[in-house]
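Visitor: My questions all concern the structure below.
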Ligand code: HEM
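Chains as they are written, first to last, in full-length UniProt numbering: chain A, 1 to 462; chain B, 1 to 289.
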């Protein structure tokens, strides 16, 4: 063996390795098994958390093996890359064989095919070959699909095929996986994921990525005008929460949308998803104060624990509130402070019973009007320029297996020849999938062909 | 009529069907097999009605704006799992194995077990949904995933039959067909093919389930994939069945190994469905009930 032959042999073996289906199965199972690791060991936690859970030495082992962010680890990505190489090589290797069905359809049935096919028919008839050919062709054209005639070796051949595109189903499936991965890579390289909180009335122009590595200029300003949360009756379970967002460019409002969970705002390729919320500072309570000496009523709004000035040197301070006090509805607790600065006993005032406090018969009576809890809205901010490629891949991934599994390439051949005084007709057919189904259809078709050849087909009468 | 009663009737029908399928194997009487199919069909129809009634009940309980398809908590998903299995089984029986109905004896028990578990020990209350779950994607996602799981459950039952039979068949000498209980099982070649056919239904549905889940995650959280344990496990299941499909093309991996892969795949499916919620934690907790 010469040097070049040896080299040839070596590259062939590498090529075969990358094309091998055994490698595919092993890689798929290896991906399945290794993926489990990341579902057991929490990903991207802090060092302290790992040490608390697993101890120092295990933690060191995990970082060395990259188990703490394994889905982006060198070895896992390498496994995925090898898988892609396998997929591509395998497709390149098999494609020419598939392409042959398109480029060189087998118009002429070999004797072996006619003899050994599991779906076949053989008839002898007195009619002349040309008449028979027409009858067979008409029947196949009508009940199967357009036939192609070729004359060779003194015989007449017919060929018809359906569903040749089903041969491409597996390629489409394999391509879809590559497309999805390309889309994912584009999204990872050119996109970002961030989280930002905006208090009601506040706005942001920059967001910090989730991993804290980049501060991204949005190129516009986003303001949260209002945040609402609705709860299921008598519970603290949120039913729905929503933020009124406004997009501004150079101070001009250009777009606005009320976003809820599952209905984000899209602007300029950047998407804002409602993701969480929380209280931003103390509630602001609004209440009326009636001066019972002159009947004068004044309205006050104050945050919790902030003193408000009443007439004649008195003041008041709201120290607590609730949205539901023992099923009587919203209530607040306040103290009056006299001009000497002495805090009086607490008074409870219910919003739904504004007349109540008058009965106390004091200098002032109070009526609660409402309270407003200011919130911040928590938004996921993301930009993913690869996402449409991913969806395109997903559509291929749905259609591809469907074609591969449920469609089949069906072919029918006929060979008609003079055989002494008679005409011999041979037919054969095959399908590359669902053979039982095809066998039934073939038998049915052959009955029609037989009737036509004997000129007994109802459509051929007269 | 309330859905609880209908679900109990369903359970009784599935139990009868299972007993009849087993009786069919013992008696070899085709009338018994027909009765078994009929019992499964009646159970399936009652259960379909029950699901409709429960859907309607959710509007009565949560108000006209907040009713939802009964697919949102562990109880509802277990019951829907049983429904999917029997539905896919009946279609496959009609289409692919009218003459091999012994398979029912290995599939109906899975559906029955799900119904019993749901009816006897899970919390059946209809609770309001957190905002993240208020999405039509949830319905598409759950339905496609569970039809996928159902295909795998049937493949699992068939694989057990294959492995039970193949060992005996290899030892069996002579041309006469095998007698006894195993003789009532479909031939191993047919079982191997049915295993493949069931996965051919399950695999594209799981693919669709993963994709609808990704689309939903994208519209709710902004990332279509985040390697959350539930997502990762669904991918693990998908990898295993992809390996199964390709195992057919290499001789060394067909037959026994394929049957084992199918069973391992179903184990992973069950872990993906239940284990992740009950053992691991993540985004998909079924409210812990
Ligand atoms: C997760 C990844 C993959 C998926 C989802 C997938 C899916 C499929 C599907 C649905 C089929 C059609 C199955 C059938 O006809 O029964 C198929 C066929 C096939 N796959 Fe894959 N595949 C994957 C990876 C690979 C890889 C990496 C290779 C390469 C080594 C490969 C090689 C093949 C071959 C050779 C066929 C048969 C093609 C034919 O003649 O129709 N597959 N694949």
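Every residue, glycine too, gets a C-beta built ideally from N, C-alpha and C.
Quick caveat: nothing in here was measured; it's all calculated off a predicted structure.
Under 8 Å, do residue 347 of chain A and residue 314 of chain A count as touching if we go by C-beta distance?
Guide: No; because the gap between Cβ atoms is not below 8 Å, this pair is not in contact.
Visitor: Output the distance between the C-alpha atoms of residue 7 of chain B and residue 165 of chain A, rounded to the nearest integer angstrom.
Guide: Each residue's alpha carbon lies about 45 Å from the other.
Visitor: Using a Cβ-Cβ cut-off of less than 7 Å, list which residues of the stretch 404-433 of chain A approach chain B; keep chain order.
Guide: For the stretch 404-433 of chain A, which is checked against every Cβ of chain B, the residues closer than 7 Å are 405.
Visitor: May I ask you to report which of helix, strand or coil DSSP gives residue 109 of chain B?
Guide: The answer is helix: DSSP assigns residue 109 of chain B an H, G or I state.
Visitor: Taking the beta carbon of residue 120 of chain B as the centre, do at least 16 other beta carbons fall within 10 Å, making it buried, or is it exposed?
Guide: Classification for residue 120 of chain B: exposed.
Visitor: Going along the chain, which unbroken runs of the alpha helix (DSSP H) with 4 or more residues stay wholly within the stretch 163-196 of chain A?
Guide: Runs found: 169-190.
Visitor: Since residue 259 of chain A and residue 272 of chain A should fall inside the 8 Å C-beta cutoff, what is the C-beta to C-beta distance between them, to a whole number of angstroms?
Guide: Confirmed, about 6 Å.
Visitor: Show which residues of chain A have a CB atom less than 7 Å away from the CB atom of residue 135 of chain B.
Guide: Those are 262, listed as they occur along chain A.
Visitor: Just the Cα atoms here: how many angstroms apart are residue 269 of chain B and residue 279 of chain B?
Guide: Between residue 269 of chain B and residue 279 of chain B, the C-alpha separation is close to 14 Å.
Visitor: For the alpha helix (DSSP H) containing residue 246 of chain B, name the first residue and the last one.
Guide: Segment 229-247, the alpha helix (DSSP H) holding residue 246 of chain B.
Visitor: For my contact list, residue 67 of chain B and residue 59 of chain B are in at a C-beta cut-off of 8 Å; report their separation, rounded to the angstrom.
Guide: About 3 Å separates the two Cβ atoms, so the contact holds.
Visitor: Counting contacts by CB-CB distance shorter than 8 Å, is residue 117 of chain B in contact with chain A?
Guide: So, not an interface residue.
Visitor: By Cβ distance, which residues of its chain are closer than 8 Å to residue 197 of chain B, with the 5 residues on each side in sequence left out?
Guide: 92 and 96.
Visitor: Helix or strand or just coil, what does DSSP make of residue 368 of chain A?
Guide: Three-state DSSP puts residue 368 of chain A in a strand.
Visitor: Check the C-beta distance from residue 317 of chain A over to residue 305 of chain A and give it rounded, since I have them as a contact under 8 Å.
Guide: Confirmed, about 6 Å.
Visitor: Alpha carbon to alpha carbon, how far is residue 434 of chain A from residue 403 of chain A? Give it in angstroms, no decimals.
Guide: So the alpha carbons of these two residues sit roughly 12 Å apart.
Visitor: Going straight from the alpha carbon of residue 16 of chain A to that of residue 205 of chain B, what length do you get?
Guide: Spanning the two alpha carbons is a distance of roughly 32 Å.
Visitor: Name the chain A residues whose beta carbon is nearer than 8 Å to that of residue 239 of chain B?
Guide: Residues of chain A passing the Cβ test: 28, 29, 31, 32 and 35.
Visitor: Would residue 20 of chain B pass as a contact of residue 46 of chain B if the rule is Cβ separation under 8 Å?
Guide: Not in contact: residue 20 of chain B and residue 46 of chain B (Cβ atoms no closer than 8 Å).
Visitor: Rounded to the nearest angstrom, what separates residue 339 of chain A and residue 310 of chain A at their Cα positions?
Guide: Straight-line Cα distance between these residues: approximately 10 Å.
Visitor: Given that a residue counts as buried once 16 or more other Cβ atoms are within 10 Å of its Cβ, and exposed if not, what is residue 75 of chain A?
Guide: By the neighbour-count rule (16 or more Cβ atoms within 10 Å), residue 75 of chain A is not buried but exposed.
Visitor: Report back the beta-carbon spacing between residue 227 of chain A and residue 277 of chain A to the nearest angstrom; my notes put them in contact at under 8 Å.
Guide: Confirmed, about 6 Å.
Visitor: Residue 269 of chain B touches chain A at which residues, Cβ-Cβ below 7 Å?
Guide: Within chain A, no residue comes near residue 269 of chain B; the closest Cβ sits about 12 Å away, beyond 7 Å.
Visitor: Taking only three categories from DSSP, how would you classify residue 3 of chain B?
Guide: Reduced to three states, the DSSP call for residue 3 of chain B is helix.
Visitor: Residue 241 of chain B: which of B:228, B:261 and B:250 sits nearest, CA to CA?
Guide: Of the listed residues, the one whose Cα sits closest to residue 241 of chain B is B:261.
Visitor: Using C-beta distances below 8 Å, list every residue in its chain close to residue 288 of chain B, excluding the 5 sequence neighbours before and after it, in chain order.
Guide: Low confidence applies to residue 288 of chain B: its pLDDT is 36, below 50, so where it sits in the model is not reliable, and the reading given next is rough at best. Taken in chain order, the list of residues that qualify is empty.
Visitor: Which same chain residues end up closer than 8 Å to residue 90 of chain B when comparing Cβ atoms and leaving out the 5 residues on each side of it in sequence?
Guide: Cβ within range, chain order: 37, 40, 41 and 44.
Visitor: For the beta strand (DSSP E) holding residue 309 of chain A, just list the boundary residues, first then last.
Guide: Its beta strand (DSSP E) spans residues 307-309.
Visitor: Find the residues of chain B that neighbour residue 164 of chain A, judging by a C-beta separation of less than 9 Å, and give them in chain order.
Guide: In chain order: nothing, as chain B lies at least about 20 Å away.
Visitor: Is the shortest distance between the beta-carbon of residue 402 of chain A and the beta-carbons of chain B less than 8 Å?
Guide: For residue 402 of chain A, the answer is yes, since a Cβ of chain B falls inside 8 Å of its Cβ.
Visitor: Using CA coordinates, which residue listed in A:349, A:145 and A:256 is at the minimum distance from residue 360 of chain A?
Guide: If we check each option's Cα against that of residue 360 of chain A, A:349 comes out closest.
Visitor: What are the start and end residues of the alpha helix (DSSP H) that includes residue 391 of chain A?
Guide: Counting along the chain, the alpha helix (DSSP H) containing residue 391 of chain A begins and ends at 387-406.
Visitor: Could you tell me whether any Cβ in chain A is nearer than 8 Å to the Cβ of residue 218 of chain B?
Guide: Yes - at least one Cβ of chain A is within 8 Å of the one on residue 218 of chain B.
Visitor: Per DSSP, residue 378 of chain A is paired with what?
Guide: Beta-bridge pairing links residue 378 of chain A to A:197 and A:276.
Visitor: Is the distance from the Cβ of residue 218 of chain B to the Cβ of residue 387 of chain A below 8 Å?
Guide: Cβ distance < 8 Å, so residue 218 of chain B and residue 387 of chain A count as in contact.
Visitor: At a Cβ threshold of 8 Å, is residue 275 of chain A touching chain B?
Guide: Closer than 8 Å to some Cβ of chain B, the Cβ of residue 275 of chain A qualifies, so yes.
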